[in-house]
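**Student:** If you're matching them up, the sequences are chains A and B in order. In this text, residue positions in the first sequence follow our numbering: the first is 6, and each later residue adds one. In this text, residue positions in the second sequence follow our numbering: the first is 193, and each later residue adds one.
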Amino acid sequence: MHLTTEDLSAIFLTLQLASVTTVLLLLIATPIAWWLAHTQSGWRAPIAALVALPLVLPPTVLGFYLLIALGPLGPIGRFTQWAGWGSLAFSFSGLVLGSMIYSLPFAVQPLVNAFEAMGSRPMEVAATLRANKLDAFFTVAIPLAKPGFVMAAMLSFAHTVGEFGVVLMIGGNIPDKTRVVSTQIYGHVEAMEYAQAHGLAGAMLVFSFVVLLVLSWVNRRRTQTAI
Amino acid sequence: MRLRFRRFLWLVIILSAAVVSATAKAEEITVAVAANFTAPMQKIAQAFEQDTGHKVLLAFGATGKFYAQIKNGAPFAVLLSADDETPERLEKEGLAIAGTRFTYAVGRLALWSKNPFLVDDKGQVLLSNNTDKNNFKKLAIADPKLAPYGAAAIEVIERMGVIDKVRPKLVQGDSIGQAFQFVMTENAELGFVALSQISIDGRISQGSAWVVPPNLYTPLKQDAVLLPFGKDNTAAIALMKYMRTERAQTIIRSYGYSL
């Protein structure tokens, strides 16, 4: 397996993108998941459906509408230009935004499950011990939901690493900025450089397998401790 | 009751025999078509079906992908490639019928913007400096490694001596279709696209464009080749001939290709 410097920089960029996306995603997914797990509101079903939408939409559809939204006439493009940030299309920040939307259900769903499995009892007990809500959330809810957070982080990270369609549509294939592993493999295949494509694809395969293996271990440990 | 059922059975048999014989006479073929040739080929296929009664299924895509698919047994009868190298390579590898290659169209490159005032008729906008009014932030091209139109665009930029100035502004689409999309959605102010993508009846459909003089880049020869799947197929052979008829060539030229 021989990787060129371009391949290596694509790998580095991919890891960077997945890390930033995962951290930001956990920050916004936690309140969404908490709300979804506890609300009695009639908005629950539509919001849950909206969050799950990236699961079923083809990434190219997502990418195409992002491209339009990021453009100078799109809502996001207008806002970023008004704010003086310029356009997000063809930039690392644009990819982060796209990846967050693309991986959102993978972060939210495990957290919702974890919060629901926890039940309302621990928070009630904390309240009787005079912990305020925020305090109880950080000292009781988060530690109890830890396996959910681990799962959400791993799934978001792995899913972002495997992202292709969205990046292809809004990336522009710029080295060190938007050329990630999946688009690099695609480029190798299209250019008929099959040996190089095999190298990168092999690395991707091993990585994905290891992530899924670790995930199933985490899952098993969780069910065992639950019993 | 029984009699009625028998009559019905006969009807079914006769009908299905008719359907089978009809499909046997007019053959159906699948043709792999380069993405930049989508619009003209749809028209040509329609004319071909009218004139010959054969049926053509068109698959549009990147030539590199078609190469991989053909190599792995895709059932295409004919390849209309975006370049002249892929058909040659297929022939060398014994994956195409020798002696059937010919150039069905020569692509033209255009520098295009949706802004009606940005592109002048000499491409001077490429020489603009950061302080100029007609400056641009992004220039879209097709990936020069994958698409002949992308390689041609780089040639033009190099010949004009502005490669160092332009390189940081380049964004690449995986095909000429995507380069077009970047300019169409105005995420890039400028882009090198295929003239066929922006011309309707010999005119530029919108925005402003510079049709790049052919002496600035290697000719974009697009070759067709017959594949083993179409070897003894009358429809495939008829289509290869049809591409060179006056009717087909008129359509090809109307989309901004030369021949």
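Just so you know, even glycine gets a beta-carbon here, dropped at the ideal spot from N, CA and C.
Which residues in chain A have a C-beta closer than 7 Å to the C-beta of Glu280 of chain B? List them in chain order.
**Tutor:** The premise fails here: Glu280 of chain B is roughly 13 Å from chain A at the closest Cβ pair, so nothing lies under 7 Å.
**Student:** For the candidate residues B:Glu280, B:Leu250 and B:Phe384, whose alpha-carbon lies nearest to that of Ala511 of chain B?
**Tutor:** One cannot answer for residue 511 of chain B here, as it falls past the ends of chain B, which runs 193 to 451.
**Student:** Report the CB separation of Ala332 of chain B from Gly369 of chain B in whole angstroms; it is logged as a contact under 8 Å.
**Tutor:** Contact doesn't hold; Cβ gap of about 11 Å is too wide.
**Student:** Taking Cβ-Cβ distances shorter than 7 Å, what residues in chain A pair up with Lys357 of chain B?
**Tutor:** Ordered by position in chain A, no residue passes the 7 Å Cβ test against Lys357 of chain B, which lies about 16 Å from the chain.
**Student:** From the DSSP secondary-structure annotation, give me the bridge partner or partners of Phe374 of chain B.
**Tutor:** None; Phe374 of chain B has no bridge partner.
**Student:** Lys284 of chain B by DSSP, collapsed to three states: which one?
**Tutor:** Helix, per DSSP.
**Student:** Mind pulling the chain A residues with CB within less than 9 Å of Ala260 of chain B?
**Tutor:** Under the 9 Å cutoff, chain A gives Val194, Glu195, Met197 and Tyr199.
**Student:** In the DSSP assignment, find the beta strand (DSSP E) that holds Thr295 of chain B and state where it starts and stops.
**Tutor:** Phe294 to Gly299 is the extent of the beta strand (DSSP E) around Thr295 of chain B.
**Student:** Determine whether the beta carbon atoms of Pro59 of chain A and Leu109 of chain A lie at a separation below 9 Å.
**Tutor:** Yes.
**Student:** Look at the Cβ atom of Gly256 of chain B, then the Cβ atom of Thr278 of chain B, and state whether they are nearer than 9 Å.
**Tutor:** Cβ distance < 9 Å, so Gly256 of chain B and Thr278 of chain B count as in contact.
**Student:** Kindly indicate if chain A contains any beta-carbon less than 9 Å away from that of Val363 of chain B.
**Tutor:** For Val363 of chain B, the answer is yes, since a Cβ of chain A falls inside 9 Å of its Cβ.
**Student:** Three-state secondary structure (DSSP) at Ser273 of chain B?
**Tutor:** If DSSP states are grouped into helix, strand and coil, Ser273 of chain B belongs with coil.
**Student:** Return the residues of the stretch 247-273 of chain B that lie within a Cβ-Cβ distance of less than 8 Å from chain A, sorted by chain order.
**Tutor:** Answer set for the stretch 247-273 of chain B: Ala254, Gly256, Lys257, Tyr259 and Ala260.
**Student:** Please state if the CB of Glu219 of chain B and the CB of Asn425 of chain B are separated by a distance shorter than 9 Å.
**Tutor:** Their beta carbons are under 9 Å apart, which means Asn425 of chain B touches Glu219 of chain B by this criterion.
**Student:** Could you pull the start and end residues of the beta strand (DSSP E) that Leu30 of chain A belongs to?
**Tutor:** Taken as a continuous stretch (DSSP letters only), Leu30 of chain A belongs to no beta strand (DSSP E), being part of the alpha helix (DSSP H) at Thr10 to His43.
**Student:** Using 9 Å as the limit for Cβ to Cβ distance, is Thr377 of chain B near chain A?
**Tutor:** Output row for Thr377 of chain B: interface = yes.
**Student:** Against Ala15 of chain A, what residues of chain B qualify as contacts under a CB-to-CB distance less than 8 Å, listed in chain order?
**Tutor:** Residues of chain B passing the Cβ test: none, with the nearest at roughly 14 Å.
**Student:** What separation, rounded to the nearest whole angstrom, lies between the Cα atoms of Gly79 of chain A and Ile73 of chain A?
**Tutor:** When rounded, the distance between both Cα atoms is 6 Å.
**Student:** Please classify Lys247 of chain B: does DSSP put it in a helix, a strand, or coil?
**Tutor:** Lys247 of chain B: strand per DSSP, three-state reduction.
**Student:** If you follow the beta strand (DSSP E) that Gly365 of chain B is part of, which residue opens it and which one closes it?
**Tutor:** Gly365 of chain B -> beta strand (DSSP E) spans Leu362 to Gly365.
**Student:** Mind checking Gly265 of chain B: buried by the 16 CB within 10 Å criterion, or exposed?
**Tutor:** Flag for Gly265 of chain B reads exposed.
**Student:** So with CB distances below 8 Å, who are the chain B contacts of Ile106 of chain A?
**Tutor:** Chain B residues near Ile106 of chain A: none, gap ~17 Å exceeds 8 Å.
**Student:** Where Phe209 of chain A and Ala386 of chain B are concerned, what is the direct C-alpha to C-alpha distance, given to the nearest angstrom?
**Tutor:** Note on residue identity: the sequence assigns Met, not Phe, to residue 209 of chain A. So the alpha carbons of these two residues sit roughly 35 Å apart.
**Student:** Measuring alpha carbon to alpha carbon, tell me which residue in A:Pro148, A:Gly76, A:Val185 and A:Val155 is nearest Leu220 of chain A.
**Tutor:** Ranking A:Pro148, A:Gly76, A:Val185 and A:Val155 by Cα distance to Leu220 of chain A puts A:Val155 first.
**Student:** Could you say which of B:Pro232, B:Arg395, B:Leu287 and B:Gly399 lies nearest to Thr442 of chain B if we only look at CA atoms?
**Tutor:** Closest by alpha carbon: B:Pro232.
**Student:** Hey, does Phe214 of chain A have any beta-carbon neighbour from chain B nearer than 9 Å?
**Tutor:** So, not an interface residue.
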